[in-house]
Amino acid sequence: MAPGCRSPLALRLAAVCVVTTLGSWISTSFVVGHPPAPNCRNCRSVARGAEGEVALEAPPSDAEISQETSLDPRPVRKFRPKREIRGTLCYARRELNEEAERLRPFIEPLLYEKRLSLKEITFVLNRMGQKLRPLLYKPRVGLPVFTEHKVRRLMRRAKNSRGIRINRYVRPQKLPANAPGAPYPKPMKDVYAEVPSETQGH
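Numbering (UniProt numbering), first residue to last: 1 to 202.
So this is what it looks like as structure tokens:
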């Protein structure tokens with residue numbers, strides 16, 4: 001046999017070793033099913049011991065449960081009217097009505113006691129402009145604080161205790177104040193002149 005060449009017996013032995021090694025690797029790689037579970041005889045006793053060591057928590061009190069829940073059994077999204085949403089027309093109308101109610105105590109004496117006209121009421125309110133400006137919803141920039149248009153709108157929105165709008169008590173500009181026999185519009189009352197008695201004449 002030539003030097004450097006292996007014998008046929010050695011080659012056969014090497015082939016048999018390779019085949020047995022590959023067969024054992026393939027058989028372990030393609031096993032069907034789950035691997036067997038470890039044999040643990042004391043698993044149940046260990047689980048029972050762990051459960052015994054855990055302390056039981058006390059249930060929450062009625063006060064804590066009542067704080068977490070609401071009084072409404074069926075809480076839903078509350079409806080928000082438009083008069084409470086800034087920027088809407090209903091919101092502006094509500095603010096203007098409240099503005100008229102805030103200024104009504106200052107306007108009513110000028111109507112019932114002094115019987116002033118629209119121009120005269122505007123003049124009197126402007127004399128108190130520094131005091132009344134914080135009561136306005138959106139006051140004008142600069143002077144005058146009140147215009148005839150603004151005062152007329154205020155009196156149209158405000159109502160007295162009888163539910164009558166106070167603009168109906170404004171004296172017409174062409175009629176004098178407290179003039180006997182003047183045709184004042186209703187609900188304004190007529191004014192009568194005082195008639196001297198006979199005792200005063202003597």
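Cβ coordinates follow ideal geometry from the N, Cα and C atoms, glycine included.
Do residue j and residue i have their beta-carbon atoms positioned less than 8 Å apart in this structure?
i, j, result
"P172", "A193", "no"
"V145", "R133", "yes"
"L118", "E99", "no"
"Y184", "Y112", "no"
"M155", "I166", "yes"
"E120", "N160", "no"
"K114", "A177", "yes"
"V195", "A182", "no"
Just list the residues that DSSP pairs residue i with in beta bridges.
i, result
"R165", "K159"
For residue i, which of the options has the nearest alpha-carbon?
i, options, result
"Y137", "P81, R152, E101 and I166", "E101"
"N126", "E113, F106, Y112 and V195", "F106"
"R153", "P187, G87, R162 and R93", "R93"
"L116", "C90, S197, M188 and V16", "M188"
"L110", "K174, L89, R80 and V151", "V151"
I need the straight-line Cα distance from residue i to residue j, nearest angstrom please.
i, j, result
"K78", "E64", "25 Å"
"E57", "E68", "19 Å"
"S66", "P60", "10 Å"
"G4", "L11", "Reliability fails at G4, whose pLDDT of 48 lies under 50, so the model's placement of it is uncertain and the value that follows must be treated cautiously. Distance between the alpha carbons of G4 and L11: 13 Å."
"A97", "R104", "Per the sequence shown, the amino acid found at residue 97 is Asn instead of Ala. The straight-line gap from Cα to Cα measures roughly 11 Å."
"L143", "M128", "12 Å"
"E122", "P139", "Per the sequence presented here, residue 122 reads as Thr, with Glu not at that position. Taking the straight line joining both Cα atoms gives about 15 Å."
"A158", "Y91", "17 Å"
"G87", "Q130", "27 Å"
"E95", "L71", "33 Å"
"T20", "L9", "17 Å"
"R62", "V76", "Note on residue identity: the sequence assigns Asp, not Arg, to residue 62. About 24 Å."
"R74", "I85", "25 Å"
"L89", "R80", "15 Å"
"K186", "V141", "36 Å"
"P162", "L175", "What sits at residue 162 in the sequence shown is Arg, not Pro. Cα-Cα distance, rounded: 25 Å."
"A2", "A15", "Only weak support exists for where A2 lies, its pLDDT of 48 falling under 50; the coordinates are left without a value."
"P197", "L135", "Reading the sequence as shown, one finds Ser at residue 197 and not Pro. Going by the C-alpha atoms only, they are around 49 Å apart."
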